[in-house]
Amino acid sequence: MTDLPILDPSPAKRHSRFRRLSVHGYRVALFIVIILTIGRQHQWFVAQQRGDTIEPITIDQVLVLFPKAVTLGDWDPLHGGQTVLDGEGKSIGFVVQTLPEADDVIGFSGPTNTMVGFGGDNRIVGFYVLRSGDTREHTRDVVRNQAFMNSLNGLTWQAAGEAQVDAVSGATLTSMAIVDGIHKRLGGADPASRFPEELSVVDAKAFFPAAARLTDDPQKPSMRVVLNDQGAILGRVLRTSPVADAMMGYQGPTDTIVAVDDEGLVVGAAIRGSFDNEPYVRYVKEDEYFWNTFKGFTLDDIAELDIVEAGIEGVSGATKTSTNVAEALIAAAGQWRQEEPIVKAAEKPWYQLAPRDAGTIIIVLLALVIAMTHLRGKRMLRVAFQVALVVYLGFINADMVSQALLVGWARSGVAWEGAPGLVLLTVAALACPIFTGRQVYCTHLCPFGALQDWTRRVPLKRKLPARLSNLLKKVPAALLLLVVAVAMLHLPISLVGIEPFDAFVFRIAGWATLTVATVGLVASLFVPMAYCHYGCPTGGMLRFLRYNAASGRLTATDLFVTALTVAAVLYHIRITGAFHWS
Numbered sequence: 005m006t007d008l009p010i011l012d013p014s015p016a017k018r019h020s021r022f023r024r025l026s027v028h029g030y031r032v033a034l035f036i037v038i039i040l041t042i043g044r045q046h047q048w049f050v051a052q053q054r055g056d057t058i059e060p061i062t063i064d065q066v067l068v069l070f071p072k073a074v075t076l077g078d079w080d081p082l083h084g085g086q087t088v089l090d091g092e093g094k095s096i097g098f099v100v101q102t103l104p105e106a107d108d109v110i111g112f113s114g115p116t117n118t119m120v121g122f123g124g125d126n127r128i129v130g131f132y133v134l135r136s137g138d139t140r141e142h143t144r145d146v147v148r149n150q151a152f153m154n155s156l157n158g159l160t161w162q163a164a165g166e167a168q169v170d171a172v173s174g175a176t177l178t179s180m181a182i183v184d185g186i187h188k189r190l191g192g193a194d195p196a197s198r199f200p201e202e203l204s205v206v207d208a209k210a211f212f213p214a215a216a217r218l219t220d221d222p223q224k225p226s227m228r229v230v231l232n233d234q235g236a237i238l239g240r241v242l243r244t245s246p247v248a249d250a251m252m253g254y255q256g257p258t259d260t261i262v263a264v265d266d267e268g269l270v271v272g273a274a275i276r277g278s279f280d281n282e283p284y285v286r287y288v289k290e291d292e293y294f295w296n297t298f299k300g301f302t303l304d305d306i307a308e309l310d311i312v313e314a315g316i317e318g319v320s321g322a323t324k325t326s327t328n329v330a331e332a333l334i335a336a337a338g339q340w341r342q343e344e345p346i347v348k349a350a351e352k353p354w355y356q357l358a359p360r361d362a363g364t365i366i367i368v369l370l371a372l373v374i375a376m377t378h379l380r381g382k383r384m385l386r387v388a389f390q391v392a393l394v395v396y397l398g399f400i401n402a403d404m405v406s407q408a409l410l411v412g413w414a415r416s417g418v419a420w421e422g423a424p425g426l427v428l429l430t431v432a433a434l435a436c437p438i439f440t441g442r443q444v445y446c447t448h449l450c451p452f453g454a455l456q457d458w459t460r461r462v463p464l465k466r467k468l469p470a471r472l473s474n475l476l477k478k479v480p481a482a483l484l485l486l487v488v489a490v491a492m493l494h495l496p497i498s499l500v501g502i503e504p505f506d507a508f509v510f511r512i513a514g515w516a517t518l519t520v521a522t523v524g525l526v527a528s529l530f531v532p533m534a535y536c537h538y539g540c541p542t543g544g545m546l547r548f549l550r551y552n553a554a555s556g557r558l559t560a561t562d563l564f565v566t567a568l569t570v571a572a573v574l575y576h577i578r579i580t581g582a583f584h585w586s
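Numbering (the numbering used here), first residue to last: 5 to 586.
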C-alpha cells in the first residue's frame, strides 16, 4: 500500500491567501489610524479650548443658579471653585465644575462638564450643564427635564456625592453620566469647610471618656455616632462647620462641637477651632456659665432658640465671639433638623450588570448564535428575534452602533463602565466582519435593518437604473467623509442627524433623524434594504472592514480611504505641530 500524499496548498493559493490577509490588514490599519487620529485631535482641541485644566465659568451661566449674582470671586482652592458675589460684594455661595475629575465618565458618546452651585448654607441650589460631549439631542432632553435637574437641590456636599437619582427616559446614558460625574467630583470630604479636619475620637472623648470610634449617622449626615470598645452607642457629636463658616465674629468664623447623649440631650459644647483672635477665643473657652446655657436642651430646642428671648448673654470681653458661637450652634441645629437620611446608590461589583445592559448582552449573544449556525435559516425564529431587536434594542434601550457613537468614543474613550452592553454590541459589530467575514450587525443586530427587512413583503418593488444605483452607492462614502471632517474640524454638525437610529427614541429625535428614518423606510418599500445599500455610513464602514474572497484586490474605495486617512494625519500634524501615539 502506497502512502497518501500530504495535501498542501499550492504556492499560488498560499500567495492569494497572503495577499487577501495583507490587504485586509491594511484596511483595518487604516480604520485604526483614523480612530486614533480623531482621538488625538480632540485631545489637542480640548486642551486649546480650556487653556488650563479648568474651563472658566461665566457670570451668565451662574445667573441660572444665582439670580442675584453680579460677579464671580477669584479662584478659591479651598473648595476648588469660585465664590459668587452679589451687588454689595458679599458671598452668596460658590460653584464647582465636574471636569477634569470626571473626564473619564462617559455617557452616550462623551463626558459632560456640569457646574454645581452651593448656596450660603453650603447646600446645592442646582446644577447646570456647561458643555457635553454627548449628542445635542440627548443633552437637550436631559436639561429640559426639571425633575432631574432639581434632583439634588437642598443636599449637602456629602449627601449629593452619594445620592441616588432616577435616569431620564430616552437619555439614560447621558443623564446617568451627569450624575456619576457629580458623584465623582463630590465623592470626597467636603472641601468647602474652613475647618477641614474631620471630627475625631479625641474630640468625642472630651464628652464621652469611653469613646473608641466614630461612625456615620445614616439618619443625619452631619452627625457622627460615638461608640465604645464594645460597639455600644454613647451619644452623638455635631459640629457647626461648614454651616456657620460664613458667620463672622471679630475676625472670622468659629467651629464648635456639640455633644448629645443617647436620649438626645446636650451634654456639652466646646470650640474646636477659630479664626477669631486671642484673647477672645480663650475667654469663651474658659467661661463654663456660657457653655452650661445649652446643657439639657435637645437640638430641636436649640434650633428654635432666640438669643435675646432665651437670655443668652455674651461672654464679658468677648461678646461678639461668644454671640457668634451661640448663633452658629442654632444654625447647625437648624440644619440638623432639616436633614434627610442619605439614600446611597448601591455599590455594585465590577461584574454586576444593570438590567438594560444584561438584556443587550443576551440579545448580542443570541444574534451571534443564530448568525453562526444553521438557525439563521429558521424563518419564524428570525422574525421573532427581529421583534426583540426592534422593541428592546430599538425602542427600549436605543442601543445601536452609529457614527455619532464611534466618533464620541474615539474622542473621549469607551464607556466600559457606563454602558457595557453597548460596548459588547459595538465590539461584535466590528469584530465579526473583520475576523469572520460575516456582517452580523447589519443582518442580525440592527433594529432599523429589521424594519427594512419586514418591508420586503410589500409588493411595490422597483429596479433602479444601473447608473442611478452606482451613483447612490457612493452616498455612504460621502457621509463617512463628512463624519471624518466633522470629527477632525469640530464642525457644529450633529452626526446623529445623518443616520436614522435615534428615531427609535422619537421623543428626543431631531427632524434630520426622523427625515432620514422616514425616507429610508419608504425607499425600502420599492428597493429592498434601500437604506442599507445606499444610505448607511455605518454599514459602508463595516463592508469596508469585511474579510472575504475578494479582499485581496485593491479598489477605488481603498484609495479613497487611504487618501482620507493621510489627509486626517497631515491635518493633525499641521495643526498641532507634532504627532504622538502615546
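We put the beta carbon where it would ideally sit given N, CA and C, even for glycine.
Computed from a prediction, not measured in an experiment: that's the story for all the values here.
Open item on the list: Checking the sheet assignment: what are the DSSP bridge partners for Phe122?
Closed with: Taking the first residue of the sequence shown as position 1, residue 122 is located at position 118. DSSP output for Phe122 lists Phe98 and Ile128 as bridge partner(s).
Open item on the list: Can you find the residues in the same chain that come closer than 8 Å, C-beta to C-beta, to Leu495, ignoring five residues on each side of it along the sequence?
Closed with: Taking the first residue of the sequence shown as 1, we reach residue 495 at position 491. Cβ within range, chain order: Ala489.
Open item on the list: Short of 8 Å in beta carbon distance, which residues of its chain neighbour Gly256, apart from the five on each side in sequence? Order them along the chain.
Closed with: By one-based count along the sequence shown, residue 256 stands at place 252. Closer than 8 Å at the Cβ level, and outside the excluded window around Gly256, lie Arg198, Ser278, Phe279 and Asp280.
TODO: Measure the Cβ-Cβ separation of Val500 and Thr139 and say whether it is below 8 Å.
DONE: Indexing the sequence shown from 1 puts residue 500 at position 496. Indexing the sequence shown from 1 puts residue 139 at position 135. Result yes, Cβ atoms of Val500 and Thr139 sit closer than 8 Å.
Task: Collapsed DSSP secondary structure at Ala106 in the structure displayed - done: On the sequence shown, residue 106 is found 102 positions in, with the first residue counted as 1. Ala106: coil per DSSP, three-state reduction.
TODO: Just confirm the distance between the C-beta atoms of Phe548 and Thr561, as a whole number of angstroms; I'd bet it's less than 8 Å.
DONE: Position 544 of the sequence shown, counting from 1, holds the residue named residue 548. Position 557 of the sequence shown, counting from 1, holds the residue named residue 561. Going by Cβ atoms, the distance from Phe548 to Thr561 rounds to 6 Å, so yes, they are a contact pair.
TODO: Give me the Cα-Cα distance between Cys450 and Met404, rounded to the nearest whole angstrom.
DONE: The sequence position of residue 450 within the sequence shown is 446, counting from 1. The sequence position of residue 404 within the sequence shown is 400, counting from 1. Near 7 Å, if we compare the C-alpha coordinates of Met404 and Cys450.
Open item on the list: Measuring alpha carbon to alpha carbon, tell me which residue in Thr580, Ala571, Ile579 and Arg578 is nearest Val37.
Closed with: Taking the first residue of the sequence shown as position 1, residue 37 is located at position 33. The shortest Cα separation from Val37 among Thr580, Ala571, Ile579 and Arg578 belongs to Ala571.
- [ ] Could you pull the start and end residues of the beta strand (DSSP E) that Thr260 belongs to?
- [x] Numbered from 1 along the sequence shown, position 256 holds the residue referred to as residue 260. Run containing Thr260: Thr258 to Asp265, per the beta strand (DSSP E) assignment.
- [ ] Give the secondary structure of Val462 by DSSP, where H, G and I count as helix, E and B as strand, and everything else as coil.
- [x] On the sequence shown, residue 462 is found 458 positions in, with the first residue counted as 1. It is coil, neither helix nor strand.
Open item on the list: Relative to the C-alpha of Val520, which candidate in Arg511, Val133, Pro437 and Phe505 has its C-alpha closest?
Closed with: The residue given as residue 520 occupies position 516 in the sequence shown. It is Phe505.
TODO: Please indicate yes or no: does the CB of Ala181 lie closer than 7 Å to some heavy atom of the ligand NAP?
DONE: What this structure holds is no ligand at all, so the ligand NAP is not there to describe.
Open item on the list: Does Trp515 pass the burial test, meaning 16 or more other C-beta atoms within 10 Å, or should it be called exposed?
Closed with: Position 511 of the sequence shown, counting from 1, holds the residue named residue 515. Label assigned to Trp515: exposed.
Task: Within-8 Å CB hit, Pro437 to chain B - done: Among the chains of the structure shown, chain B does not appear; only one protein chain is present.
Open item on the list: DSSP has Gly272 in a bridge; who is on the other side?
Closed with: Here residue 272 refers to the residue found at position 268 of the sequence shown. Answer by DSSP bridge pairing, in chain order: Ala263.
TODO: Mind checking who Met227 pairs with in its DSSP beta bridge?
DONE: Counting from 1 along the sequence shown, the entry for residue 227 is found at position 223. BP columns for Met227 point to Leu242.
Open item on the list: Please state whether the Cβ-Cβ distance between Thr143 and Gly185 is less than 8 Å.
Closed with: Mapped onto the sequence shown, residue 143 falls at position 139. Mapped onto the sequence shown, residue 185 falls at position 181. Taking 8 Å as the Cβ cut-off, Thr143 and Gly185 do not qualify as a contacting pair.
TODO: Have a look at Val285 and Glu331 and give me their C-alpha separation to the nearest angstrom.
DONE: Position 281 of the sequence shown holds residue 285. Position 327 of the sequence shown holds residue 331. Computed Cα separation, rounded: 15 Å.
Task: Delimiting residues of the beta strand (DSSP E) encompassing Leu483 - done: For the purposes of this step, residue 483 is taken as the residue at position 479 of the sequence shown. Looking at the DSSP string, Leu483 is not in any beta strand (DSSP E); the run it does join, the alpha helix (DSSP H), is Val479 to Leu493.
Task: Opening and closing residue of the beta strand (DSSP E) in which Asp220 lies - done: Taking the sequence shown and counting its residues from 1, the one referred to as residue 220 is at position 216. First-last of the beta strand (DSSP E) with Asp220: Arg217 to Asp220.
Open item on the list: For Leu493 and Leu574, I'd like the C-alpha separation in whole angstroms.
Closed with: Sequence index remark: in the sequence shown, residue 493 carries index 489 (1-based). Sequence index remark: in the sequence shown, residue 574 carries index 570 (1-based). Distance between the alpha carbons of Leu493 and Leu574 is about 13 Å.
TODO: May I have the straight-line CA-CA distance separating Glu92 from Phe70, to the nearest angstrom?
DONE: If you number the sequence shown from 1, residue 92 lands on position 88. If you number the sequence shown from 1, residue 70 lands on position 66. Each residue's Cα considered, the two are about 15 Å apart.
TODO: May I ask which residues mark the beginning and end of the beta strand (DSSP E) holding Thr430?
DONE: Within the sequence shown, the letter at position 426 stands for residue 430. Careful: Thr430 lies outside any beta strand (DSSP E), inside the alpha helix (DSSP H) at Pro424 to Ala435.
Task: Neighbourhood of Thr297 by C-beta, 7 Å cutoff - its chain only, sequence neighbours within 5 removed - done: Here the question's residue 297 lines up with position 293 in the sequence shown. Contacts found: Ile316.
- [ ] For Asp90, I'd like the list of residues in its chain whose CB is within less than 8 Å of its CB, leaving aside the five on either flank, ordered along the chain.
- [x] Walking along the sequence shown from the start, residue 90 turns up at place 86. These residues qualify, in order along the chain: Lys72, Ala73, Val74 and Ile96.
Task: Distance CB(Leu190)-CB(Trp161) smaller than 8 Å - done: Here residue 190 refers to the residue found at position 186 of the sequence shown. Here residue 161 refers to the residue found at position 157 of the sequence shown. Taking 8 Å as the Cβ cut-off, Leu190 and Trp161 qualify as a contacting pair.
Task: Local Cβ density within 10 Å of Pro480, reported as buried at 16 or more and exposed below that - done: Indexing the sequence shown from 1 puts residue 480 at position 476. Label assigned to Pro480: buried.
Open item on the list: I want to know whether the segment 413-429 touches the segment 462-477 - three or more CB-CB distances under 8 Å.
Closed with: no
TODO: Tell me whether Ser155 sits in a helix, a strand or coil according to DSSP, three-state version.
DONE: Here residue 155 refers to the residue found at position 151 when the sequence shown is read from its first residue. Three-state result, Ser155: coil.
Task: Leu89 - containing beta strand (DSSP E), residue span - done: Translated into the one-based positions of the sequence shown, residue 89 becomes position 85. Where Leu89 is concerned, the enclosing beta strand (DSSP E) stretches over Gly85 to Leu89.
- [ ] Quick one: measure Cβ to Cβ for Trp340 and Ser226, integer angstroms, because I've assumed they're closer than 8 Å.
- [x] Locating residue 340 in the sequence shown gives position 336, where the first residue counts as 1. Locating residue 226 in the sequence shown gives position 222, where the first residue counts as 1. Correct: roughly 6 Å between the Cβ atoms.
TODO: Could you work out which residue in Tyr132, Leu34, Ser113 and His28 is closest to Thr62 when comparing CA atoms only?
DONE: As a first step, residue 62 must be located in the sequence shown, where it is residue number 58. Out of Tyr132, Leu34, Ser113 and His28, Tyr132 has the C-alpha closest to the C-alpha of Thr62.
TODO: Have a look at the DSSP bridge pairing and note the partners of Gly277.
DONE: Within the sequence shown, the letter at position 273 stands for residue 277. According to DSSP, which records beta bridges pairwise, Gly277 is partnered with Asp259.
Open item on the list: Quick check: what's the CA-CA separation for Leu333 versus Asp249?
Closed with: Taking the sequence shown and counting its residues from 1, one reaches residue 333 at position 329. Taking the sequence shown and counting its residues from 1, one reaches residue 249 at position 245. When rounded, the distance between both Cα atoms is 12 Å.
Task: Under the three-state DSSP convention, the category Ser528 falls into - done: Within the sequence shown, numbered from 1, the residue matching residue 528 stands at position 524. It is helical.
Open item on the list: Is it buried or exposed, Val387, if we count other Cβ atoms within 10 angstroms and call 16 or more buried?
Closed with: Here residue 387 refers to the residue found at position 383 of the sequence shown. Flag for Val387 reads exposed.
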